[in-house]
Amino acid sequence: MKIATYNVNGVNGHLPVLLRWLEETKPDIACLQELKAPQEKFPEQALLDAGYKALWHGQKSWNGVAILSRHDQPVEIRRVLPGDPEDSHSRYIEASVGGIIVGCLYLPNGNPAPGPKFDYKLSWFNRLTAHAADLLASKQPVVLTGDFNVMPTELDVYKPESWTEDALFRPETRQAFATLMAQGWTDAIRKLYPEEKIYTFWDYFRNAFGRNAGLRIDHFLLSPPVSHRLTAAGVDRQVRSWEKTSDHAPVWIELSV
DNA sequence: ATGCCGTGGAAACCACGA
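For the record, in the first sequence the residue sitting at position 40 is 511 according to our numbering, with numbers rising by one throughout.
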């Protein structure tokens, strides 16, 4: 079973690329972030025609997350990260699909830091960590995936020294990620490729993709019952080279059944 | 060192992204 995650940076603006990627790589489950579309403007029919049933939580202009399945309809568990009734951003959706609990997330960017946006990032991270502990305690097979907006280590940044003050790489952010991982999650890419420079995002400008000036910020976190099923993982780098593409590339894992 | 590009929505610019 193949599960993928992809920050599409506008599900309608980049729909042709999304459909081409689904057609070419055929993930069984796909998690999307940055839909940038209100609930009623999600391209449900185009995805159904492509063979995918969807569950989504849209928002006008920004954010927005979705879970797609080639097989059974994803069964919604929640569409809000617990812990803050005032939080109006669509950044989390969770479903039972293919016998796995899939949490699809779009963690706040947090820049500029310090400041209120960075505070929001860290507080969102704390809520995620609290919820992740509950998920682990359930002993269920769980996959937490999406755009974490964190480069966990220097290996995950093309030029670490120029990112130390950035919200994606500040010590507080990396510490928050480390605290989450210490609960017992497995970083799928790092389990299989502990030493390789692997990126999932390249800026649109300064020829970032051509220079491979990238970041690894889209991650797959696997609970113990899932991590022992991991057989392969990778990044669909070629998608980033297509016309009218997202600034992120899809990431995927393969699980034994 | 830097939103230099790109999306979406409103308004012909602005917010936001990493």
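Where is the CB? At the ideal position from N, CA and C, for every residue including glycine.
Over what stretch of residues does the beta strand (DSSP E) that includes Ile-571 continue unbroken?
By 1-based counting over the first sequence, the position of residue 571 is 100. Residues 571-577.
Are the CB atoms of Thr-671 and Ala-720 nearer to each other than 7 Å?
Residue mapping note: residue 671 aligns to position 200 of the first sequence, counting from 1. Residue mapping note: residue 720 aligns to position 249 of the first sequence, counting from 1. Cβ distance < 7 Å, so Thr-671 and Ala-720 count as in contact.
Taking its Cβ as the centre, do 16 or more other Cβ atoms sit within 10 Å of Pro-612, making it buried, or is it exposed?
In the first sequence, the residue the question calls residue 612 occupies position 141. It is buried - the Cβ of Pro-612 has at least 16 other Cβ atoms within 10 Å.
From Tyr-523 to Glu-494, what distance separates their C-alpha atoms?
Start at 1 with the first residue of the first sequence, and residue 523 comes out as number 52. Start at 1 with the first residue of the first sequence, and residue 494 comes out as number 23. Taking the straight line from one Cα to the other gives about 10 Å.
Between which two residues does the beta strand (DSSP E) carrying Arg-549 extend?
Mapped onto the first sequence, residue 549 falls at position 78. Unbroken beta strand (DSSP E) run through Arg-549: 546-549.
Extent of the continuous alpha helix (DSSP H) run through Phe-648
For the purposes of this step, residue 648 is taken as residue 177 along the first sequence, with counting starting at 1. Residues 642-652.
Quick check: the stretch 656-667 against the stretch 686-705, are there 3 or more CB pairs under 8 Å?
A contact is defined here as three or more CB-CB pairs under 8 Å, and the stretch 656-667 meets this definition with respect to the stretch 686-705.
Can you name, in chain order, every residue of its own chain whose Cβ lies under 6 Å from the Cβ of Thr-616, other than the five neighbours on each side?
Working through the first sequence from its first residue, we reach residue 616 at position 145. Excluding five sequence positions before and after Thr-616, the CB atoms of its chain that fall closer than 6 Å to its own CB belong to Thr-476, Cys-502, Phe-691, given in chain order.
Quick one, are the C-beta atoms of Arg-598 and Tyr-577 less than 7 Å apart?
By one-based count along the first sequence, residue 598 stands at place 127. By one-based count along the first sequence, residue 577 stands at place 106. Contact flag unset, no.
Using DSSP with H/G/I as helix, E/B as strand and the rest coil, what is Glu-565?
Taking the first residue of the first sequence as position 1, residue 565 is located at position 94. Reduced to three states, the DSSP call for Glu-565 is strand.
Flag this pair as yes or no: are the beta carbons of Phe-513 and Trp-527 separated by less than 7 Å?
Looking up residue 513 in the first sequence gives position 42. Looking up residue 527 in the first sequence gives position 56. Yes, Cβ-Cβ distance for Phe-513 and Trp-527 is below 7 Å.
My guess is that Phe-680 and Ser-633 are in contact by the Cβ rule of under 8 Å, so how many angstroms apart are they, rounded?
One-based indexing of the first sequence puts residue 680 at position 209. One-based indexing of the first sequence puts residue 633 at position 162. At roughly 18 Å, the Cβ-Cβ gap does not stay under 8 Å, so Phe-680 and Ser-633 are not in contact.
Contacting residues, own chain, Cβ-Cβ under 6 Å from Ala-684 (five flanking each side not counted)
What you label residue 684 is simply residue 213 of the first sequence in a count that begins at 1. Cβ within range, chain order: Tyr-629.
Cβ atoms of Gln-510 and Gly-481: under 7 Å apart, would you say?
What you label residue 481 is simply residue 10 of the first sequence in a count that begins at 1. What you label residue 510 is simply residue 39 of the first sequence in a count that begins at 1. No, they are not a contact pair.
Which residue comes first and which comes last in the alpha helix (DSSP H) that contains Glu-515?
Residue mapping note: residue 515 aligns to position 44 of the first sequence, counting from 1. First-last of the alpha helix (DSSP H) with Glu-515: 515-520.
Opposing strand residues paired with Trp-673 [DSSP bridges]
Numbered from its first residue, the first sequence carries residue 673 at position 202. Bridge partners of Trp-673: Gly-685.
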